[in-house]
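Take a look at the structure set out below.
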Amino acid sequence: MLPVYWPLLKGGSYDNNKKSYGLFYNSPLFYHSPSYAGRDRQARQASSEGLGSAQPRCSWVCERTALHTWVFPSAAPVGQKNRNIYDNKNQGGEPPTGTLVRKEGDPASGDAAVDEAYDGTGATYDLYFDIYKRNSIDDKGMPLISYVHYDVNFDNAFWDGSEMVYGDGDPDIFERFTKAIDVTGHELTHGVTQYEANLAYSNQPGALNESMSDVFGSLVKQRVLNQTADQADWIIGAGLFKPTINGVGIRSMKAPGTAYDDPLLGKDPQPAHMKDYVKTSRDNGGVHINSGIPNHAFYLAAAEIGGYAWEKAGNIWYIALRDYLRSKSNFKKAATTTISVAKELYGEGSKEQKAVQNAWKAVGVLS
Ligand SMILES: [Zn+2]
Numbered sequence: 044m045l046p047v048y049w050p051l052l053k054g055g056s057y058d059n060n061k062k063s064y065g066l067f068y069n070s071p072l073f074y075h076s077p078s079y080a081g082r083d084r085q086a087r088q089a090s091s092e093g094l095g096s097a098q099p100r101c102s103w104v105c106e107r108t109a110l111h112t113w114v115f116p117s118a119a120p121v122g123q124k125n126r127n128i129y130d131n132k133n134q135g136g137e138p139p140t141g142t143l144v145r146k147e148g149d150p151a152s153g154d155a156a157v158d159e160a161y162d163g164t165g166a167t168y169d170l171y172f173d174i175y176k177r178n179s180i181d182d183k184g185m186p187l188i189s190y191v192h193y194d195v196n197f198d199n200a201f202w203d204g205s206e207m208v209y210g211d212g213d214p215d216i217f218e219r220f221t222k223a224i225d226v227t228g229h230e231l232t233h234g235v236t237q238y239e240a241n242l243a244y245s246n247q248p249g250a251l252n253e254s255m256s257d258v259f260g261s262l263v264k265q266r267v268l269n270q271t272a273d274q275a276d277w278i279i280g281a282g283l284f285k286p287t288i289n290g291v292g293i294r295s296m297k298a299p300g301t302a303y304d305d306p307l308l309g310k311d312p313q314p315a316h317m318k319d320y321v322k323t324s325r326d327n328g329g330v331h332i333n334s335g336i337p338n339h340a341f342y343l344a345a346a347e348i349g350g351y352a353w354e355k356a357g358n359i360w361y362i363a364l365r366d367y368l369r370s371k372s373n374f375k376k377a378a379t380t381t382i383s384v385a386k387e388l389y390g391e392g393s394k395e396q397k398a399v400q401n402a403w404k405a406v407g408v409l410s
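If you count the sequence shown from 1, you need to add 43 to reach our numbering.
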């Protein structure tokens, strides 16, 4: 049985100020919280200003992690990806260390995790650039840095404020986390959110933060598969579970709460409606749980609009995230904002605006 409440069992308390955006709540290592967020600002500064391999000023963080190599590849020109995949070789570490094993333009390495991380970050960059005219995570050509083979039996993937980190899974439950392309889209979207709405990672803003990552993660996958809203499975992390696990993925946007039900993992705890909103202090106030509600609203809006979900529903959500939502925005704010963005883009009383309105009513955020 997985120690679902691992931090409590350990007797530790986690610190909300330590930013780490894990993928999955029922993971023993979910609360892995890199405590090196201090360098993130420096990293962003260095990359977004095109300073190349600028050496950030050392802080207390550096002293703790003196072995880390500070490498900040230059920002890429508009429309050009700059992917860098590092192999952590199961060393773990905060921040992760690793050897650069594939950079932009290099041929496939033959290591599935490396090549999946490369392709997944590429597909995510392409969705944001081709559809939403966004030049990488920061819209300034930020290099996309991934660490694979992180730690031993590491059952999660996370965005640590400046890079993506993927575990290899374990013998019993999870496959390697690069296997699901929507997981890569999910992690990178945490970066986009950080640069835009910067939704606080707790309670409703945190659940919205998680939901935005699921929305755009799913859209990355749907676009790669060329699926319309009615063809897509709307499952997050399909293929991540070992075949012995009773589950289709870690979350379902179409039917929150139904993704898995297994003796090792428990049951998918996601609600699809406000009446089932889970009040909890765990999981930063249920950020991976209550995200089911805005996830389902997005699914309903996209399904009613029809066609490719990334085109209209995705655009509405993206503009809300970029221009209107802020750190303390709650579900209601997301609802009223996406409705007004739909009106802005497609007109008052348009099919799109009605679909978005109906969606938020259906999940009980609006009455
Ligand atoms: Zn997440």
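Ideal Cβ positions, reconstructed from N, Cα and C, are used throughout, including at glycine.
The DSSP-derived three-state label of Gly309 is strand. Note on Glu159: 16 or more other CB atoms within 10 angstroms of its CB, so buried under the neighbour-count rule. Around the beta carbon of Pro306, a 10 Å sphere encloses fewer than 16 other beta carbons of the protein chains shown; the residue is thus reported as exposed. Here Arg369 is exposed. Its C-beta has fewer than 16 other C-beta atoms within 10 Å. Contact annotation, Asn358 with Asp257: C-beta distance approximately 17 Å; criterion of less than 8 Å not satisfied. In this structure the region 179-196 lies against the region 123-141, because at least three pairs of beta carbons, one per stretch, are closer than 8 Å.
DSSP, read as helix, strand or coil, puts Val267 in helix. Two segments are said to touch when three or more pairs of C-beta atoms, one from each, lie closer than 8 Å; by this definition the region 248-268 touches the region 228-240. Taking every protein chain shown into account, the CB of Gln400 has 16 or more other CB atoms within 10 angstroms, so this residue is buried.
With 16 or more other Cβ atoms inside 10 Å of its own Cβ, Asp326 counts as buried. Separation of the CB atoms of Lys310 and Asp304 is rounded to 4 Å, and the pair is thereby assigned contact status at 8 Å. Residue pairing by DSSP places Ile278 opposite Ser295 in a beta bridge. If you check the C-beta of Leu364 against ligand 1, you find no heavy atom less than 7 Å away.
The three-state reading of DSSP puts Leu343 in helix, counting H, G and I together. Relative to the Cα of Gly280, the nearest Cα in the group Asp225, Asn289 and Ser324 belongs to Asp225.
Around the beta-carbon of Asp366, fewer than 16 other beta-carbon atoms lie within 10 Å, marking it exposed. Asn199 is not a Cβ neighbour of Gly122, given a cutoff of 8 Å.
Taking the C-beta atoms as reference points, Lys285 is found nearer than 8 Å to Glu218. Excluding sequence positions up to five before and after Thr236, its CB lies within less than 8 Å of the CB of Leu242, Asn252, Met255, Ser256 and Leu364, all in the same chain and listed in chain order. An exposed status is given to Thr287, since fewer than 16 other beta-carbon atoms sit within 10 Å of its beta-carbon. For the pair Ala166 and Ser372, the CB atoms are not nearer than the 8 Å cut-off.
It is roughly 23 Å from the alpha-carbon of Trp403 to the alpha-carbon of Ile293.
For Gly329, the closest alpha carbon among the candidates Thr142, Gly249 and Lys124 is that of Gly249. Per the DSSP secondary-structure output, Ile128 pairs in a beta bridge with Arg145 and Ser189. Under the three-state reduction of DSSP output, Asp304 falls in the strand class.
One Cα belongs to Glu387, the other to Thr381, and the distance between them is close to 10 Å. For Asp203, the number of other beta carbons within 10 angstroms of its own is at least 16, and it is reported as buried.
In the same chain as Lys264, and ignoring 5 residues on each side of it, the C-beta atoms closer than 6 Å to its own belong to Ile224 and Asp225, in chain order. Across the set Asp215, Pro312 and Tyr190, the C-alpha of Tyr190 shows the shortest separation from the C-alpha of Val208. Around the C-beta of Leu268, fewer than 16 other C-beta atoms lie within 10 Å, and the residue is accordingly described as exposed.
Judged by their CB atoms, Leu283 and Lys222 are nearer to each other than the 8 Å cut-off.
By alpha-carbon distance to Ile128, the top candidate from Leu308, Val291 and Arg145 is Arg145. Residue pairing by DSSP places Gly290 opposite Tyr303 in a beta bridge.
Distance from the CA of Leu343 to the CA of Asp154, rounded to the nearest whole angstrom, comes to 38 Å. Distance between Val406 and Pro299, taken at the CA atoms: about 11 Å.
Judged by DSSP in its simplified three-state form, Phe284 adopts strand.
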